Amino acid sequence: MSEQDYMISMQDVNKWYGDFHVLKDVNLNIKKGEKVVICGPSGSGKSTTIRCLNHLEKFQEGKININGTDLIEDVKVVRHIRSQVGMVFQHFNLFPHLSVLENLLLAPTWVHKKPRHEAIKTAMMYLERVKIADQAHKYPNQLSGGQQQRVAIARCLCINPEIMLFDEPTSALDPEMVSEVLDVMVELADEGITMICVTHEMGFAKKVADRVIFMDAGQIIEENEPHEFFDNPQSDRLKLFLEQILSH
Amino acid sequence: MAVYTMKEAKPAPSTSKGLVFWLRENLFSTIPNTLLTLLGIYFIYTTIPPLLDWMIFDATWSGTKEEVVKEGARWIFIIEKFDQFMYGFYPEALHWRPNLVAIISIIFVFFIPRLSSIKIKFVSMLLYPVVCFILIRGGLGLEVVGTEKWGGLMLTILVAAVGIIASFPIGILLALGRQSDNMPIVKTLCVGFIEFIRGVPLITILFMASVVLPLFFSDGIEFDKLLRALIGITLFQAAYIAEVIRGGLQAIPKGQYEASESLGLSYWQGMILIILPQALKISIPNLVGSFISLFKDTTLVLIIGLFDILAMVTLTNSDTSWLGFEIEGYVFVTLIYWVFCFSMSQYSRVIERRYNTDH
Ligand SMILES: Nc1ncnc2c1ncn2[C@@H]1O[C@H](COP(=O)(O)OP(=O)(O)OP(=O)(O)O)[C@@H](O)[C@H]1O
Ligand SMILES: [Mg+2]
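Residue numbers (my numbering), protein chains in the order written: chain P, 1 to 248; chain F, 1001 to 1359.
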């Protein structure tokens, strides 16, 4: 397959922070509709990898192609790519001065120039889907963490993205709220959206992922389909990592 | 093993038991506290009653200055010179024009935050200064009144208002410029400007504005004295506003920038819709503090020969038929300044509450 056939394709991507080599020859090809989970120890470059995909981070070497468009330093190209990629953050990053509904309307009305009434209809539909439509007129700080993260997911869906990136979406949540967010993500996965998720939720990975990727020290060390990945790890580093996350 | 039943919520025990309890808790709880309370009472007793006597009970409110018999303030001076304190040398027949501007301004200040339509807000913000300028200066069929006739409280407010309104957008741009790490030249210029202005007293800037600015317009163009002062004050205030807003910008978490970028908003969209509303909201108390300082600093324009309210008091005191009325004049000016500064700080609280979404 050529890179044009992939939804996401990273070729020999290298990135440095000053002298610090964060990403080392990262190669990753993801087909349309594929679900990929990335895990690995803290500081291994998981966030950096997915943040390169929508140009929140720049990279110095290599090539990234998103849905047929090469990611280059050009305002128009970056805008085009960001309009296809939704990103959900660990700390939600909702806009606290805007109501939930206004949070959802921002990108559709300002970036995609949709008429407001149409944008409201779409926004309410997505709020319905993440089961939070009754909170539309509240402010983010009046919601629980789980509710806020579901709003953040709905906010991304409003730009109708081809790809959804999740950076540890449940790790800032109280335990009892994790499942309400994961449930929404599982539903989303079933609808065929392309998805990359940085998470250590093994249950989610086994249920949803087509592939699990293990990163350490800025490199992809191992990748496999989820059951083989967790039950039959090959590299020593992955074995050690799995022991550590399973030991508590 | 033990299992406990759920408990009902009970009302909180009432601790406040009337006035005596409150007094004992708050004013006489310890010996030092009691001493401080007594000292405070003594201080109030020795200052307030004489002050009230002078200002109100023994004061003279009407008649001519030859008829004054009472010991207290002779407010007849203020009443006699009131128009000059308010309008300077602005022609008496045209006083309705600044008055109308005052009424428009009050309506503007109270109703703009209440408007929900951004378009109407924007249009009225553009229209407001134009209307005020034409009303005060004249033109479009209104008789023109030259700036050398403007004075008194009218001038004080005008200088402060122009300083505040004009410096605000400049301050925002300077603050954003100072933050723009990817444009080193813009950044250096902004830092240089801000640090230069902040390292120099306002009075120097006013002198420079009145002496240096005309040098750039050499071929005999008369450069309006008031305009020069306004430019100086605006640049001065802009540097301070920029620093206040920069403080607000630094308090915005990085995640807000990232979320706005990842949704595809452009730099200016993100700034105007996401970052600045939040940064300005946190900055309100400091912004108002800076506005209040400016309001008080405007009185320095008397140095370059403009007659603000304080200058008018000094001037009327040298009227040979009204010698020896300085105290009344200065107390009056003090009260005016206080009323304005206090209203500004109250207004800022109203605004702050209106934009609070943290509950
Ligand atoms: N802005 C930055 N400047 C310098 N170094 C950075 C910066 N951001 C991240 N790093 C470093 O890059 C490395 C990779 O960071 P990254 O955030 O991608 O890790 P991660 O795998 O997501 O870890 P975590 O599980 O803690 O989120 C870390 O060692 C981190 O210290
Ligand atoms: Mg991370």
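Just so it is clear, CB atoms sit at the ideal spot from N, CA and C, and this is done for glycine as well.
Model, not experiment: these values are computed from the prediction.
According to the neighbour-count rule (16 or more other Cβ atoms, all chains shown, within 10 Å of its Cβ), is residue i buried or exposed?
{"i": "T199 of chain P", "result": "buried"}
{"i": "G1305 of chain F", "result": "exposed"}
{"i": "Q1256 of chain F", "result": "buried"}
{"i": "S247 of chain P", "result": "exposed"}
{"i": "E1195 of chain F", "result": "exposed"}
{"i": "P233 of chain P", "result": "buried"}
{"i": "R1097 of chain F", "result": "buried"}
{"i": "H227 of chain P", "result": "exposed"}
{"i": "Y17 of chain P", "result": "exposed"}
{"i": "S290 of chain P", "result": "There is no way to answer for residue 290 of chain P, as the model of chain P reaches only from 1 to 248."}
{"i": "R116 of chain P", "result": "exposed"}
{"i": "H97 of chain P", "result": "buried"}
{"i": "H55 of chain P", "result": "buried"}
{"i": "S1290 of chain F", "result": "buried"}
{"i": "G40 of chain P", "result": "buried"}
{"i": "Y1004 of chain F", "result": "exposed"}
{"i": "P161 of chain P", "result": "buried"}
{"i": "S1062 of chain F", "result": "exposed"}
{"i": "I245 of chain P", "result": "exposed"}
{"i": "S1210 of chain F", "result": "buried"}
{"i": "I1044 of chain F", "result": "exposed"}
With a cut-off of 8 Å on the beta carbons, I'd call residue i and residue j a contact; round off their distance for me.
{"i": "T194 of chain P", "j": "E34 of chain P", "result": "6 Å"}
{"i": "P140 of chain P", "j": "Q149 of chain P", "result": "With 8 Å as the limit, P140 of chain P and Q149 of chain P do not qualify as a contact, their Cβ atoms being about 11 Å apart."}
{"i": "L1206 of chain F", "j": "G1177 of chain F", "result": "The pair is not a contact, with the Cβ atoms about 25 Å apart (cut-off 8 Å)."}
{"i": "I1241 of chain F", "j": "S1293 of chain F", "result": "Not quite, the Cβ-Cβ distance comes to about 11 Å (not below 8 Å), so this is no contact."}
{"i": "A217 of chain P", "j": "S44 of chain P", "result": "6 Å"}
{"i": "A1160 of chain F", "j": "T1298 of chain F", "result": "5 Å"}
{"i": "G192 of chain P", "j": "D174 of chain P", "result": "Not quite, the Cβ-Cβ distance comes to about 31 Å (not below 8 Å), so this is no contact."}
{"i": "A107 of chain P", "j": "L1263 of chain F", "result": "4 Å"}
{"i": "L182 of chain P", "j": "G86 of chain P", "result": "Not really, about 17 Å apart at Cβ, beyond 8 Å."}
{"i": "T1147 of chain F", "j": "L1226 of chain F", "result": "4 Å"}
{"i": "I159 of chain P", "j": "M7 of chain P", "result": "With 8 Å as the limit, I159 of chain P and M7 of chain P do not qualify as a contact, their Cβ atoms being about 16 Å apart."}
{"i": "V111 of chain P", "j": "L1265 of chain F", "result": "6 Å"}
{"i": "C1132 of chain F", "j": "I1104 of chain F", "result": "7 Å"}
{"i": "K32 of chain P", "j": "V22 of chain P", "result": "Going by Cβ atoms, the distance from K32 of chain P to V22 of chain P rounds to 28 Å, so no, they are not a contact pair."}
{"i": "A172 of chain P", "j": "N93 of chain P", "result": "With a Cβ gap of about 11 Å, A172 of chain P and N93 of chain P do not count as contacting."}
Can you tell which of the options has the C-alpha that lies nearest to the C-alpha of residue i?
{"i": "Y1347 of chain F", "options": "F:R1097, F:F1111 and F:F1196", "result": "F:F1111"}
{"i": "L157 of chain P", "options": "P:S83, P:H137 and P:Q135", "result": "P:S83"}
{"i": "K46 of chain P", "options": "P:K32, P:S144, P:L28 and P:G62", "result": "P:L28"}
{"i": "Q60 of chain P", "options": "P:S44, P:M215 and P:D19", "result": "P:D19"}
{"i": "A1175 of chain F", "options": "F:V1191, F:W1268 and F:A1166", "result": "F:V1191"}
{"i": "Y1128 of chain F", "options": "F:G1171, F:G1138, F:S1345 and F:I1107", "result": "F:I1107"}
{"i": "G1163 of chain F", "options": "F:L1202, F:V1186 and F:G1146", "result": "F:L1202"}
{"i": "K63 of chain P", "options": "P:N93, P:H91, P:D25 and P:P96", "result": "P:D25"}
{"i": "E168 of chain P", "options": "P:K15, P:H91, P:H55 and P:G146", "result": "P:H91"}
{"i": "F1085 of chain F", "options": "F:Y1330, F:S1343, F:R1349 and F:W1338", "result": "F:Y1330"}
{"i": "F1332 of chain F", "options": "F:F1342, F:V1313 and F:S1343", "result": "F:V1313"}
{"i": "T1156 of chain F", "options": "F:L1323, F:V1003 and F:L1300", "result": "F:L1300"}
{"i": "I996 of chain F", "options": "F:S1266, F:D1224 and F:M1271", "result": "This structure leaves residue 996 of chain F out entirely; chain F is present only between 1001 and 1359."}
{"i": "I1303 of chain F", "options": "F:F1082, F:T1037, F:T1204 and F:V1186", "result": "F:T1204"}
{"i": "V184 of chain P", "options": "P:Y126, P:W110, P:N93 and P:H80", "result": "P:Y126"}
{"i": "I30 of chain P", "options": "P:S9, P:L242, P:L143 and P:V37", "result": "P:S9"}
{"i": "L1323 of chain F", "options": "F:Y1337, F:L1039, F:K1081 and F:A1059", "result": "F:K1081"}
{"i": "S1321 of chain F", "options": "F:F1077, F:L1023 and F:R1198", "result": "F:F1077"}
{"i": "L53 of chain P", "options": "P:I245, P:I196 and P:F95", "result": "P:I196"}
{"i": "R1198 of chain F", "options": "F:M1125, F:E1243, F:I1031 and F:V1130", "result": "F:E1243"}
{"i": "F249 of chain P", "options": "P:K207, P:D134 and P:T48", "result": "In the structure as shown, chain P begins at 1 and stops at 248. Residue 249 of chain P is therefore absent and cannot be evaluated."}
{"i": "I1351 of chain F", "options": "F:E1326, F:S1283, F:V1339 and F:D1083", "result": "F:S1283"}
{"i": "R1354 of chain F", "options": "F:P1113, F:E1066 and F:V1101", "result": "F:P1113"}
Inset, instruction - Taking 8 Å as the threshold, find out whether the region 1073-1085 of chain F comes into contact with the region 1048-1062 of chain F through three or more Cβ pairs. - result: yes
Legend entry - Meets three-Cβ-pair contact criterion under 8 Å: the region 1270-1279 of chain F and the region 1234-1249 of chain F: yes
Inset, instruction - Spell out a yes or no on whether the region 122-131 of chain P and the region 72-81 of chain P are touching, meaning 3 or more CB-CB pairs, one atom from each, closer than 8 Å. - result: no
Inset, instruction - Determine contact between the region 1086-1104 of chain F and the region 1144-1152 of chain F, defined as no fewer than three beta-carbon pairs at a distance below 8 Å. - result: yes
Legend entry - Contact residues within the region 67-83 of chain P, judged by C-beta distance below 7 Å to chain F: R79, R82 and S83
Inset, instruction - Using a Cβ-Cβ cut-off of less than 8 Å, list which residues of the region 1261-1286 of chain F approach chain P; keep chain order. - result: E1261, S1262, L1263, G1264, L1265, S1266, Q1269, L1273, I1274, P1277, Q1278 and K1281
Legend entry - the region 1309-1318 of chain F contacting the region 1223-1239 of chain F, beta-carbon criterion three pairs below 8 Å: no
Legend entry - Contact residues within the region 1064-1086 of chain F, judged by C-beta distance below 7 Å to chain P: none
Inset, instruction - Could you please tell me which residues of the region 230-248 of chain P, in chain order, have their CB closer than 7 Å to any CB of chain F? - result: none
Inset, instruction - Pull out every residue of the region 1241-1262 of chain F whose Cβ sits closer than 7 Å to any Cβ of chain P, in chain order. - result: G1255, Q1256, E1258, A1259, E1261 and S1262
Legend entry - Near-chain F residues of the region 180-205 of chain P (beta-carbon distance less than 8 Å), N- to C-terminal order: none
Inset, instruction - Could you list the residues in the region 86-97 of chain P with a C-beta less than 7 Å from some C-beta on chain F, going in chain order? - result: M87, F89, H91, N93, F95, P96 and H97
Legend entry - Residues, ordered as in the chain, of the region 95-121 of chain P that lie near chain F by beta-carbon distance below 7 Å: F95, P96, H97, L106, A107, W110 and V111
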